[in-house]
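Read the structure below first, then the notes.
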Amino acid sequence: MRIIVDLVRCQSYGQCIYAAPTVFRFNGEASLEFDYAPDDALREKVERAVAACPVQAIRIGLPDAPPAGEPPVTARGEA
Ligand code: SF4
Numbered sequence: 166m167r168i169i170v171d172l173v174r175c176q177s178y179g180q181c182i183y184a185a186p187t188v189f190r191f192n193g194e195a196s197l198e199f200d201y202a203p204d205d206a207l208r209e210k211v212e213r214a215v216a217a218c219p220v221q222a223i224r225i226g227l228p229d230a231p232p233a234g235e236p237p238v239t240a241r242g243e244a
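Numbering (our numbering), first residue to last: 166 to 244.
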């Protein structure tokens with residue numbers, strides 16, 4: 166699995182570290198480090214971290230992956 170953390174949004178609350186300590190950690194005072202490709206066995210913990218983050222900074226998935234269930238984009242004619 167892949168995870169993405171928006172480090173601009175992250176406010177270093179540390180809730181993700183409590184939820185998934187083998188995936189997220191602080192490096193120094195408040196600099197978040199994380200494993201961007203944790204083992205699938207950790208999915209439940211990562212999902213808990215996603216839910217626990219107060220600013221919704223963590224996402225599961227690839228950066229370029231289209232949103233699940235979204236219909237394909239179609240071109241519209243001018244006529
Ligand atoms: S819970 Fe969210 S805001 Fe807090 S350290 Fe983790 S990613 Fe950052």
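Even for Gly, the Cβ is constructed at its ideal location relative to N, Cα and C.
Cross-strand partners of residue i (DSSP beta bridge)
i: E198; result: R190
i: V170; result: I223
heavy atom of the ligand MN below 7 Å from residue i C-beta
i: G193; result: Inclusion of the ligand MN in the displayed structure is not the case, the ligand content consisting of the ligand SF4 alone.
Status (buried if at least 16 other CB within 10 Å, exposed otherwise) for residue i
i: L197; result: buried
i: P219; result: exposed
i: A202; result: exposed
i: F189; result: buried
i: V211; result: buried
Nearest to residue i (by Cα), restricted to the options the options
i: T187; options: Q176, V173, A214, S177; result: A214
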